[in-house]
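Residue numbers (the numbering used here): 360 to 590. Just so you know, even glycine gets a beta-carbon here, dropped at the ideal spot from N, CA and C.
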Ligand code: ADP
């Protein structure tokens with residue numbers, strides 16, 4: 360059974376009073392433990408697709424399943440619980456600026472119901488995974504763009520989510536930091552987490568040779584095992 364399944368999913372938005380499908384009749388299955396690149400030009404629907412899987416938005420048509428839970432139908436009050444089980448890193452930083460890195464990580468763990476006693480150790484482990492242990496007392500404004508992404512990655516996986524969604528995580532980063540992040544994502548994936556990554560990073564896609572799903576105007580134009588960028 361696939362872990363994530365989309366059946367004929369469509370999401371409409373209104374642009375200049377006209378309705379258009381940002382995600383258009385998409386059907387797709389992802390197995391647990393897969394590493395999936397989501398590629399396509401700007402506006403192709405990558406972020407919208409990730410937001411649908413994260414249940415931040417619900418489809419206008421079609422169904423989305425996470426294991427045996429139909430998330431396109433879950434009640435509004437259950438949505439926050441579901442969303443917390445999915446690791447997420449979005450383009451805009453989600454860190455709280457007035458809190459230190461450790462405090463930011465503590466807040467998510469509290470929200471997830473982690474026992475207070477184990478929070479400091481979890482925080483250390485998560486920061487160690489991304490090589491940011493030395494920064495736990497610093498504030499987000501004191502970190503570089505790459506370091507922010509590393510902390511966000513630590514925060515996203517701190518409770519071992521079954522699925523990790525990442526949107527353009529290597530955008531605006533230098534090549535080395537980008538590779539550091541790709542290496543960490545591979546490691547997270549190797550430990551069993553399904554990773555779905557929207558990206559424009561041609562080099563990373565071509566070297567990693569993982570599944571590549573190409574979106575064009577909201578539709579799946581290609582879906583290749585061990586794919587390459589633009590093939
Ligand atoms: P990508 O991530 O591939 O760049 P997006 O999923 O962000 O694409 O956007 C797909 C299309 O939907 C774009 O035309 C975008 O402008 C539009 N869109 C995305 N979110 C909204 C929204 N909240 N309201 C209106 N239009 C939106």
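- If residue 666 and residue 572 are in contact, beta carbons under 8 Å, what's the gap, nearest whole angstrom? Any answer about residue 666 is impossible in this case: the structure gives the chain only from 360 up to 590.
- Beta-carbon gap between residue 586 and residue 561 smaller than 8 Å: As a working note, residue 586 is residue 227 in the chain shown. As a working note, residue 561 is residue 202 in the chain shown. Not in contact: residue 586 and residue 561 (Cβ atoms no closer than 8 Å).
- Query: My guess is that residue 513 and residue 489 are in contact by the Cβ rule of under 8 Å, so how many angstroms apart are they, rounded?
  - Reply: The count along the chain shown starts at 1 and reaches residue 513 at position 154. The count along the chain shown starts at 1 and reaches residue 489 at position 130. With 8 Å as the limit, residue 513 and residue 489 qualify as a contact, their Cβ atoms being about 5 Å apart.
- Query: Whose CA, out of 376, 393, 579, 374, lies closest to the CA of residue 522?
  - Reply: Position 163 of the chain shown, counting from 1, holds the residue named residue 522. Taking only the C-alpha atoms, the option nearest residue 522 is 393.
- Message: What residue range does the beta strand (DSSP E) around residue 496 cover?
- Response: Your numbering for residue 496 matches position 137 in the chain shown. Per DSSP, residue 496 belongs to no beta strand (DSSP E) and is neither H nor E.
- Taking the continuous alpha helix (DSSP H) assigned at residue 588, which residues delimit it? For the purposes of this step, residue 588 is taken as the residue at position 229 of the chain shown. Unbroken run through residue 588: none, as it is neither H nor E.
- Item | Where residue 457 sits in the DSSP three-state scheme | Translated into positions along the chain shown, residue 457 becomes position 98. Coil, per DSSP.
- Query: What residues sit near the ligand ADP, counting only those whose C-beta is closer than 5 Å to one of its heavy atoms, in chain order?
  - Reply: Residues flagged by the Cβ proximity filter: 372, 381, 401, 402, 403, 404, 405, 406, 407.
- For residue 551, is the classification buried or exposed, using 16 other Cβ atoms within 10 angstroms of its Cβ as the cut-off for buried? Numbered from its first residue, the chain shown carries residue 551 at position 192. Flag for residue 551 reads exposed.
- Task: Would you tell me roughly how many angstroms separate the C-alpha atoms of residue 505 and residue 537, rounded to the nearest one?
- Result: Mapped onto the chain shown, residue 505 falls at position 146. Mapped onto the chain shown, residue 537 falls at position 178. When rounded, the distance between both Cα atoms is 8 Å.
- Query: What residues in its chain sit with their C-beta under 7 Å from that of residue 575, if we drop five residues either side in the sequence?
  - Reply: Residue mapping note: residue 575 aligns to position 216 of the chain shown, counting from 1. The answer, listed in chain order, is 399, 403.
- For residue 565, which of helix, strand or coil comes out of DSSP? If you number the chain shown from 1, residue 565 lands on position 206. The answer is helix: DSSP assigns residue 565 an H, G or I state.
- Query: Ends of the alpha helix (DSSP H) at residue 362?
  - Reply: The residue you call residue 362 lines up with position 3 of the chain shown. Where residue 362 is concerned, there is no enclosing alpha helix (DSSP H), given that its DSSP letter is neither H nor E.
- Cα-Cα separation, residue 510 to residue 361: For this step, residue 510 is matched to residue 151 along the chain shown. For this step, residue 361 is matched to residue 2 along the chain shown. Each residue's alpha carbon lies about 30 Å from the other.
- Item | Those residues which DSSP pairs with residue 578 across a bridge | Within the chain shown, numbered from 1, the residue matching residue 578 stands at position 219. For residue 578, which the question treats as bridged, DSSP gives the partners 575.
- Message: To test your reading of the DSSP string, which unbroken beta strand (DSSP E) runs of 3 or more residues are found completely within the stretch 385 to 429?
- Response: The stretch 385 to 429 is shown to contain whole beta strand (DSSP E) runs of 3 or more residues at 394 to 398, 420 to 425, in chain order.
- Determine the direct distance from the alpha carbon of residue 500 to that of residue 385, and round the result to whole angstroms. Your numbering for residue 385 matches position 26 in the chain shown. Your numbering for residue 500 matches position 141 in the chain shown. Using only the alpha carbons, I get a separation of about 39 Å.
- Message: So, under 8 Å CB-CB, residue 310 and residue 463 are touching, yes? Tell me the CB distance rounded to an integer number of Å.
- Response: Past the boundaries of the shown model lies residue 310; the chain is included only from 360 to 590, so the question cannot be answered.
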